[in-house]
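*Asks:*
Protein chains in written order, with the numbering used here: chain F, 113 to 466; chain H, 113 to 466.
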């Protein structure tokens, strides 16, 4: 073997955006959302096993870049993700991401993948999984406030996992609502475009807020929210970025992924440090109650947690087998003798000259 | 443009191991070590500008996986790196790494690169840069204890940057020493293979320790170390892994990269929390004195810090221009309308069918 021909040990499968789209289209979007929700649920069930840490964030005036690592002791995963609300003005995504799965026993990467699309999918799958546990019985109508890049995935996950059939869409930018209406027109929903948040939440048992401005916004005020709804608040996900009036939080039972992170990034950053919350893994494992009665307001203060990305990485790795939808990437140095990195470099020089 | 043809915005240049070797061979290894040391020195000089945090480590019984992020406010960089001493028994590297440079203003990645080779180079460049400031005048002999994957790079950096001409090599495994002797035989050194650490340090003004076992080891004891030497201790770099007897640390003036990290990972993890150290950036900027007198023992307790990887990423980005030594990687979703991720996915489906 020549030094310039890396062995299998040195190759990492990489899933490009193009291959991720092929994989989604091959599996089917609703099937994939259901599959992802299953992996995410499994990992919430074995929550105590995970190495958990709030994400490592680098904030700047324009946005944030974050690393989200976790491990279950066998595999290690992390995601790189940015959030830059101004990006859309330059034709860029607000959020882009990629992620890596590695083997804890030797530290070698197992999978590198785009996660911009995958993050939208896992976020939608998580929202719908939580709503499956918390939304009132028979909920079939969702208000979707914020009709950006995540909205269609949220809608389709709620359809596939919770049986939502009616959608009421609102965005401060009517063009975003038009786009979502167009995209969802043939997906089996009864669709209504609304001109205000108030109108959107009429008759909705599930209210999803997913807006992007990095500021303390008030998408919903207390008097707008009736009894017996489930609020899926996923837009407020970094310090200084919230969507709900604090009074709603006081009336609701609030469910979170990982309190140390949510208290920094979620809606509850507006509340005192000891504001009571229930951890979602406790609901999944039966340690805590989810919805207790029909008139209760349940609120998922979702910020996205590293275990959900880990579940998504596991899912992709398992689905990838036999599809060929990846490129082997020569990412790891692989000398014949692992202690001879220098020899590998010198032999590559000889190869190049020969 | 079809949805399946990503635009330039969506492409990230990727430097494979093969391309990194070509780049090193094109620039020349000594020239590259000097170039890297220059970038590292520049970044130590503007130390106060950086967002600094101890690396985020996931420890397991076999090793560690770490993320090392930093930012200078304009660019953001991080490295993924593992350390698994047992790996060599399975034909794998103890340390493998890759890294990413991104634009702080929009969060988009600018460069993805292998860093297994690059880490060995930046570690050697850092060691030699520090020795340039701290080693005694006229130092031309180095003892190299530990003759693994890093040793040749350490030797060549000390040659190119500090004028070291004599090398005394020792490893507990004679095969490692043989390998290093062979690799360095035509590199302009006066080489001596030694059978003990005691023998290796005879007449050496610079002592480099770079051994890999994850344990409290004592490669050097106090009575072995004479006056007036510079110790470059780079093998002790995680909790529970040290190389030097504490008495040496008490006799020496200890220089470190970033105290909050070194107190956890370096030789000084054996010492009390208030053990006095000098930060290397203070020596570079002239705020603190380096070597004060010929008989002083200076000790660099090097563990590797994120800014050094950042410097290396900057260097590679700057050198890459016009070489073609990278592949464009379709890593970022890039819909025509950034809010229309779903539309991009649907159009890719149509393209696939058509």
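Built from N, CA and C at the ideal position, the CB exists for glycine as well. Small disclaimer: the values here were computed from a predicted structure and weren't measured.
1) Among 443/F, 419/F, 395/F, which one has its Cα closest to the Cα of residue 245/F?
2) Under 7 Å, Cβ to Cβ, is there at least one residue of chain H near residue 452/F?
3) For the stretch 428-435 of chain F and the stretch 160-169 of chain F, state whether three or more C-beta atom pairs, one from each stretch, are separated by less than 8 Å.
4) On a CA-only basis, which of 212/H, 378/H, 130/H, 263/H is nearest residue 426/H? Give me that one, please.
5) From residue 416/F to residue 350/F, what does the alpha carbon distance come to, in whole angstroms?
6) List the residues of chain F that residue 129/H touches, going by C-beta distances under 8 Å, in chain order.
7) Give a yes or no on whether the C-beta atoms belonging to residue 438/H and residue 210/H are separated by under 7 Å.
8) Where do the N-terminal and C-terminal ends of the beta strand (DSSP E) with residue 354/F fall, by residue?
9) So what does DSSP say about residue 346/F, is it helix, strand or coil?
10) Would you say residue 466/H faces chain F, with C-beta separation under 7 Å as the test?
11) By DSSP, does residue 259/H sit in helix, in strand, or in coil?
12) Express the C-alpha separation of residue 200/F and residue 184/H in angstroms, rounding to a whole number.
13) Output needed in chain order: residues of the stretch 153-175 of chain H with a Cβ under 8 Å from some Cβ in chain F.
14) Using a C-beta to C-beta distance shorter than 9 Å, which residues of chain F count as neighbours of residue 177/H?
15) If residue 232/H and residue 261/H are in contact, beta carbons under 8 Å, what's the gap, nearest whole angstrom?
16) Measure the alpha-carbon distance for residue 189/F versus residue 306/F and round it to whole angstroms.
17) Is it buried or exposed, residue 143/H, if we count other Cβ atoms within 10 angstroms and call 16 or more buried?
18) So, is residue 466/F buried or exposed, given that buried needs 16 or more other C-beta atoms within 10 angstroms?
19) Considering Cα atoms alone, identify which of 186/H, 124/H, 458/H, 129/H is closest to residue 294/F.
20) Flag residue 303/F as yes if its beta-carbon sits less than 7 Å from any beta-carbon of chain H, otherwise no.
21) Between residue 309/H and residue 269/H, how many whole angstroms is the CB-CB distance? I'm expecting something under 8 Å.
22) Which term fits residue 277/H, buried or exposed, when burial requires 16 or more other beta carbons within 10 angstroms of its beta carbon?
23) Applying the 10 Å Cβ sphere with the 16-neighbour rule, what's the burial state of residue 436/H?
24) Taking CB distances under 7 Å as the criterion, tell me whether residue 125/F reaches chain H.
25) How many angstroms separate the CA atom of residue 151/F from the CA atom of residue 418/F?
26) Restricting to runs no shorter than 4 residues, where is the alpha helix (DSSP H) found entirely within the stretch 230-279 of chain F?
27) Just mark residue 259/H as buried or exposed, buried being the case when its beta carbon has 16 or more other beta carbons within 10 Å.
28) Can you pull the chain F neighbours of residue 455/H, defined as C-beta to C-beta under 9 Å?
29) In terms of residues, what are the limits of the beta strand (DSSP E) holding residue 170/H?
30) Can you tell me whether residue 454/H is helix, strand or coil according to DSSP?
31) Just to make sure I have the definition right: I need the residues of chain H whose C-beta is within less than 8 Å of the C-beta of residue 362/F. Which are they?
32) Quick one: is residue 229/H buried, meaning 16 or more other Cβ sit within 10 Å of its Cβ, or exposed?
33) Please list, in chain order, all residues of the same chain as residue 248/H whose beta carbon is under 6 Å from its beta carbon, the five residues on each side excluded.
34) How big is the Cα-Cα spacing for residue 204/H and residue 123/F?
35) Once the 5 residues before and after residue 410/H are set aside, which same chain residues still bring their CB inside 6 Å of it?
36) For the ligand FMN, I want to know if residue 306/F counts as a neighbour, meaning its beta carbon is within less than 6 Å of at least one of the ligand's heavy atoms.
*Replies:* Per the coordinate set shown:
1) Along the first chain, read from residue 1 onward, the residue named residue 245/F stands at position 133. Residue 245/F has its Cα closest to that of 395/F, out of 443/F, 419/F, 395/F.
2) Working through the first chain from its first residue, we reach residue 452/F at position 340. Interface annotation, residue 452/F: in contact with chain H, CB-CB separation under 7 Å.
3) Touching, no.
4) Residue 426/H sits at position 314 when you count from the first residue of the second chain. Nearest option by C-alpha distance: 212/H.
5) By one-based count along the first chain, residue 416/F stands at place 304. By one-based count along the first chain, residue 350/F stands at place 238. For residue 416/F and residue 350/F, the distance between alpha carbons rounds to 10 Å.
6) By 1-based counting over the second chain, the position of residue 129/H is 17. Under the 8 Å cutoff, chain F gives 118, 122, 442, 443, 444, 445, 446.
7) Taking the first residue of the second chain as position 1, residue 438/H is located at position 326. Taking the first residue of the second chain as position 1, residue 210/H is located at position 98. Going by C-beta atoms, residue 438/H is not nearer than 7 Å to residue 210/H.
8) Numbered from 1 along the first chain, position 242 holds the residue referred to as residue 354/F. For residue 354/F, the enclosing beta strand (DSSP E) stretches over residues 354-356.
9) Taking the first chain and counting its residues from 1, the one referred to as residue 346/F is at position 234. Note: residue 346/F maps to coil in three-state DSSP.
10) Start at 1 with the first residue of the second chain, and residue 466/H comes out as number 354. With a pLDDT of 47 at residue 466/H, under the threshold of 50, the modelled position of that residue is not reliable, and the figure given next carries that caveat. Answer no: the Cβ-Cβ gap between residue 466/H and chain F never drops below 7 Å.
11) Within the second chain, residue 259/H is the residue found at index 147, counting from 1. DSSP places residue 259/H in coil when its eight states are reduced to three.
12) Your numbering for residue 184/H matches position 72 in the second chain. Your numbering for residue 200/F matches position 88 in the first chain. Looking at the backbone, the Cα of residue 184/H and that of residue 200/F are separated by about 24 Å.
13) Near chain F, meaning a CB-to-CB distance below 8 Å, the residues of the stretch 153-175 of chain H are 163, 165, 168, 170, 172, 174, 175.
14) Against the second chain, residue 177/H aligns to sequence position 65. What residue 177/H touches in chain F: 181, 183, 188, 190, 214, 216, 219.
15) As a position in the second chain, residue 232/H is number 120, starting the count at 1. As a position in the second chain, residue 261/H is number 149, starting the count at 1. Rounded, the Cβ-Cβ distance is 6 Å, consistent with contact.
16) Here residue 189/F is taken as the residue at index 77 of the first chain, counted from 1. Here residue 306/F is taken as the residue at index 194 of the first chain, counted from 1. C-alpha separation (whole angstroms): 40 Å.
17) As a working mapping, residue 143/H is identified with position 31 in the second chain. With fewer than 16 other Cβ atoms within 10 Å, it is exposed.
18) Within the first chain, the letter at position 354 stands for residue 466/F. Because the pLDDT at residue 466/F is just 47, under 50, the model does not fix this residue reliably, and the point stays unresolved.
19) Residue 294/F sits at position 182 when you count from the first residue of the first chain. Of 186/H, 124/H, 458/H, 129/H, the residue nearest in Cα terms is 458/H.
20) Walking along the first chain from the start, residue 303/F turns up at place 191. For residue 303/F, the answer is no, since every Cβ of chain H falls outside 7 Å of its Cβ.
21) In the second chain, the residue the question calls residue 309/H occupies position 197. In the second chain, the residue the question calls residue 269/H occupies position 157. Not really, about 21 Å apart at Cβ, beyond 8 Å.
22) For the purposes of this step, residue 277/H is taken as the residue at position 165 of the second chain. Around the CB of residue 277/H, fewer than 16 other CB atoms lie within 10 Å, so the residue is classed as exposed.
23) Within the second chain, the letter at position 324 stands for residue 436/H. Looking at its Cβ environment, which holds fewer than 16 other Cβ atoms inside 10 Å, residue 436/H is exposed.
24) The residue you call residue 125/F lines up with position 13 of the first chain. No - not a single Cβ of chain H is within 7 Å of the one on residue 125/F.
25) Here residue 151/F is taken as the residue at index 39 of the first chain, counted from 1. Here residue 418/F is taken as the residue at index 306 of the first chain, counted from 1. One C-alpha to the other measures close to 13 Å.
26) Complete alpha helix (DSSP H) runs here, min 4: 263-274.
27) On the second chain, residue 259/H is found 147 positions in, with the first residue counted as 1. Classification for residue 259/H: buried.
28) Start at 1 with the first residue of the second chain, and residue 455/H comes out as number 343. Ordered by position in chain F, the residues that pass the 9 Å Cβ test against residue 455/H are 264, 291, 294, 295.
29) In the second chain, the residue the question calls residue 170/H occupies position 58. It spans 168-171 - the beta strand (DSSP E) in which residue 170/H sits, taken as one unbroken run.
30) Along the second chain, read from residue 1 onward, the residue named residue 454/H stands at position 342. Residue 454/H carries a helical assignment under DSSP once its states are collapsed to helix, strand and coil.
31) Numbered from 1 along the first chain, position 250 holds the residue referred to as residue 362/F. Those do not exist, as residue 362/F stays about 33 Å from chain H at its closest Cβ, beyond 8 Å.
32) By 1-based counting over the second chain, the position of residue 229/H is 117. Under this definition residue 229/H is a buried residue.
33) Counting from one through the second chain, the residue named residue 248/H turns up at place 136. Within the same chain, residue 248/H has close Cβ partners 317, 340, 406.
34) For this step, residue 204/H is matched to residue 92 along the second chain. For this step, residue 123/F is matched to residue 11 along the first chain. Roughly 12 Å separates the two Cα atoms.
35) Within the second chain, numbered from 1, the residue matching residue 410/H stands at position 298. Excluding sequence neighbours, residue 410/H sits near 246, 342, 365, 403.
36) The ligand FMN is absent from the structure shown, which contains no ligands of any kind.
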